[in-house]
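What follows is a single structure, written as structure tokens, with notes after it.
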Ligand SMILES: C[S@@+](CC[C@H](N)C(=O)[O-])C[C@H]1O[C@@H](n2cnc3c(N)ncnc32)[C@H](O)[C@@H]1O
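Numbering (the numbering used here), first residue to last: 79 to 361.
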């Protein structure tokens, strides 16, 4: 049976309170589809019964499972191509030129989902830093326990590998175990994974040179986007680089960023500091 208005409203409020994800009216089908496996696992008669029970006796563990189920973890390797190409060809060389040799390049993958984004960044870093003395650290965070567990495991099906991973990278950085591909230790070693909610008032760390905050702001309302962008700005070095998803912008949300067009994409930089790469054009 379809969710009642009050059951949907309960889930909508819970998810907003815990994650800031907006479930607009019309998303009832999404809630029903995502909660169906939880209802089955709990051996209740359906999503209605599952939500009704939670409304009567709220418990933190079930609430957390509901919120996790309503995160959208869609991702892929080198997603959209251009941001990773610009990271490789423009941002990384600029950082290597600017930063002291003994200072690690610090990157935050701020909604890392099942890991394809931070592992892509780590593969690029491996290729570019090679045998130089330079090091890099990636902090990869997400709200979803399920997605993070998968990211940490670093094990992917052939179907997942087929979504954007070049054959040369597969051969070089993965090993086969049964039907799965497992990320190699060198690629893993640059990344630390941890749970982090983007609505938290304090960032998981500070001093980031680069932040990938891709394809997550789209789930938030304007107020939440503003708060997240401000806190991200505070967590970055003043001359850092922010990558957003193709459908995301700072414009009209947090105007203390400059959008800089580089190649076939744009990167965001906190206002005031100068762009270091000659290749960039401020718009
Ligand atoms: C569509 S995925 C994007 C993954 C990756 N950045 C990419 O572009 O491919 C969105 C991710 O944002 C995470 N997310 C949603 N709300 C969040 C929040 N409040 N704090 C942290 N992560 C959140 C979800 O769990 C999900 O893994």
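Note that the Cβ used here is the ideal one computed from N, Cα and C, for glycine as well. Keep in mind the model is a prediction, meaning the values are calculated, not measured.
Considering only residues of the same chain and omitting the five flanking positions on each side of residue i, which have a CB-CB separation below 6 Å?
i: residue 133; result: 88
i: residue 293; result: 323
i: residue 161; result: 321 and 343
i: residue 175; result: none
i: residue 284; result: 313
i: residue 181; result: none
i: residue 311; result: 348
Return the chain-ordered list of same chain residues with a C-beta closer than 7 Å to the C-beta of residue i, the five sequence neighbours on each side being excluded.
i: residue 349; result: 334, 335 and 336
i: residue 131; result: 122
i: residue 86; result: 106 and 109
i: residue 309; result: 281
i: residue 252; result: 259, 260, 261 and 262
i: residue 216; result: 185, 187, 196, 199, 200, 268 and 269
i: residue 114; result: 125
i: residue 100; result: 94, 297, 298 and 299
i: residue 156; result: 162, 198 and 242
i: residue 128; result: 113, 116, 117, 120 and 122
i: residue 84; result: none
i: residue 413; result: Nothing can be reported for residue 413: it is not among the residues displayed for the chain, which extend from 79 to 361.
Between residue i and residue j, is the Cβ-Cβ spacing less than 9 Å?
i: residue 24; j: residue 232; result: Outside the modelled stretch of the chain, which goes from 79 to 361, sits residue 24, for which no answer is possible.
i: residue 191; j: residue 126; result: no
i: residue 319; j: residue 287; result: yes
i: residue 146; j: residue 223; result: yes
i: residue 196; j: residue 271; result: yes
i: residue 313; j: residue 186; result: yes
i: residue 276; j: residue 189; result: yes
i: residue 194; j: residue 154; result: yes
i: residue 166; j: residue 202; result: yes
i: residue 183; j: residue 214; result: yes
i: residue 116; j: residue 93; result: no
i: residue 212; j: residue 179; result: yes
Looking at the secondary structure, which residues open and close the alpha helix (DSSP H) in which residue i lies?
i: residue 67; result: This structure cannot settle anything about residue 67, because the visible part of the chain is limited to 79 through 361.
i: residue 105; result: No alpha helix (DSSP H) contains residue 105, which DSSP labels as neither H nor E.
i: residue 80; result: Unbroken run through residue 80: none, as it is neither H nor E.
i: residue 162; result: 160-164
i: residue 267; result: 263-267
i: residue 132; result: 125-134
i: residue 141; result: 138-147
Among the options, whose alpha-carbon lies nearest the alpha-carbon of residue i?
i: residue 164; options: 148, 180 and 199; result: 199
i: residue 225; options: 307, 295 and 149; result: 149
i: residue 291; options: 315, 345, 249 and 247; result: 345
i: residue 302; options: 92, 97, 91 and 82; result: 97
i: residue 340; options: 120, 170 and 242; result: 170
i: residue 236; options: 140, 249 and 212; result: 249
i: residue 279; options: 256, 306 and 297; result: 306
i: residue 326; options: 238, 295, 218 and 137; result: 295
i: residue 104; options: 120, 119 and 80; result: 80
i: residue 244; options: 210, 256, 102 and 159; result: 159
i: residue 315; options: 168, 289, 219 and 330; result: 289
Between which two residues does the beta strand (DSSP E) holding residue i run?
i: residue 337; result: 335-340
i: residue 171; result: Taken as a continuous stretch (DSSP letters only), residue 171 belongs to no beta strand (DSSP E), being part of the alpha helix (DSSP H) at 170-176.
i: residue 316; result: 314-322
i: residue 287; result: 286-291
i: residue 343; result: 343-348
i: residue 184; result: 183-187
Taking 8 Å as the limit between beta carbons, can you name the residues of its chain near residue i, skipping five residues before and five after?
i: residue 82; result: 126
i: residue 347; result: 317, 318, 319, 320, 335, 336, 338 and 353
i: residue 356; result: Only weak support exists for where residue 356 lies, its pLDDT of 42 falling under 50; the coordinates are left without a value.
i: residue 91; result: none
Could you tell me whether the Cβ of residue i comes closer than 9 Å to any Cβ of chain D?
i: residue 292; result: The structure shown contains no chain D, having only a single protein chain.
Alpha helix (DSSP H) segments (min. 4 residues) lying fully within the region 194-261: 194-207, 223-231, 236-239 and 245-251
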